[in-house]
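In what follows, a single structure is set out as structure tokens and then discussed.
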Amino acid sequence: RVIVFDPDTGKYKRHWGAYGKKPDDNFKFPPRAQLVQGPAPEGFNNPVHGVLVTNDDLVYVADRSNNRLQVFRLDGTFIKEIFISRNTLQNEGTVHGFAVSPDKEQKFLYIVDGSNKAVRVLNRQTLEIISSVGGHAGHNAREFFHIHSMASDSKGNLFLGEVNNGQRYYK
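Taking this note's numbering, the leading residue of the sequence shown gets 171, the next gets one more, and so forth.
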């Protein structure tokens, strides 16, 4: 679920689940890795792994284990979604985190695809994947072992973090 608190008082304001609907708390984690097939799941696969608000007040939500990114308005109104490498096994998922380009329009959205050891570059308006980096597990140049998180700065630098046995940060 996505929960919104007042930035000044810290008081609860609202919350929503996938597609802007009431959250479904009945989700049960599968006993082993599975492919997400058929119709899109009605709820977020807990936990939501990242939330980002852009300059144009859109809310991007990383539904990691469902291999998808959903986009909302600030009030929770669902706008659109994209699946990233949907045929990836569900236990780790693909949409781990994201960052945006530093330009005023934030034209590019960068997504950490943790299961496939890659960074996906998307046109933020169309959500079309226009480039990828990585895609091979390892400890050498252009390889990621367990990429997990991402941030960007005002100069356009991307900072990537690995967890578990990767334990590296990249700029």
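Heads up, the beta-carbon is just placed ideally off N, CA and C, and yes, glycines get one too.
Report the three-state DSSP secondary structure of residue i (helix, strand or coil).
{"i": "ALA232", "result": "strand"}
{"i": "ALA311", "result": "coil"}
{"i": "GLY213", "result": "coil"}
{"i": "GLY190", "result": "helix"}
{"i": "GLU332", "result": "strand"}
{"i": "GLN295", "result": "coil"}
{"i": "GLY220", "result": "strand"}
Whole angstroms are fine: how far does the CA of residue j sit from the CA of residue i?
{"i": "VAL172", "j": "THR247", "result": "12 Å"}
{"i": "THR264", "j": "GLY180", "result": "31 Å"}
{"i": "ASP194", "j": "VAL218", "result": "13 Å"}
{"i": "ASN327", "j": "LYS274", "result": "15 Å"}
{"i": "SER302", "j": "VAL270", "result": "15 Å"}
{"i": "ASN334", "j": "VAL174", "result": "30 Å"}
{"i": "HIS357", "j": "VAL241", "result": "In the structure as shown, the chain begins at 171 and stops at 341. Residue 357 is therefore absent and cannot be evaluated."}
{"i": "TYR189", "j": "GLN276", "result": "23 Å"}
{"i": "GLU262", "j": "GLN207", "result": "16 Å"}
{"i": "SER324", "j": "ASN225", "result": "13 Å"}
{"i": "HIS316", "j": "ASN196", "result": "29 Å"}
Compare the beta carbon distance of residue i and residue j with 8 Å and say whether it is the shorter of the two.
{"i": "ILE300", "j": "VAL291", "result": "yes"}
{"i": "ASN257", "j": "ASN236", "result": "no"}
{"i": "GLY304", "j": "GLU313", "result": "yes"}
Once the 5 residues before and after residue i are set aside, which same chain residues still bring their CB inside 8 Å of it?
{"i": "PHE268", "result": "GLY220, LEU222, TYR230, ALA232, LEU239, LEU279, TYR280, ILE281, VAL282, MET320"}
Keeping to the same chain, check which residues put their C-beta closer than 7 Å to that of residue i; ignore five residues upstream and five downstream.
{"i": "LEU244", "result": "ASP227, VAL229"}
{"i": "ALA183", "result": "For clarity, residue 183 is Lys in the given sequence; the question names Ala instead. Same-chain partners within the cutoff: VAL174, PHE175, ASP176."}
{"i": "LYS192", "result": "none"}
Apart from the five residues just before and just after residue i, which ones in its own chain have a Cβ nearer than 6 Å to its Cβ?
{"i": "PRO211", "result": "ASN236"}
Between the segment 302-309 and the segment 243-259, do at least 3 Cβ pairs fall closer than 8 Å?
-> Taking a cut-off of 8 Å for Cβ pairs, the segment 302-309 and the segment 243-259 do not touch, as fewer than three such pairs fall below it.
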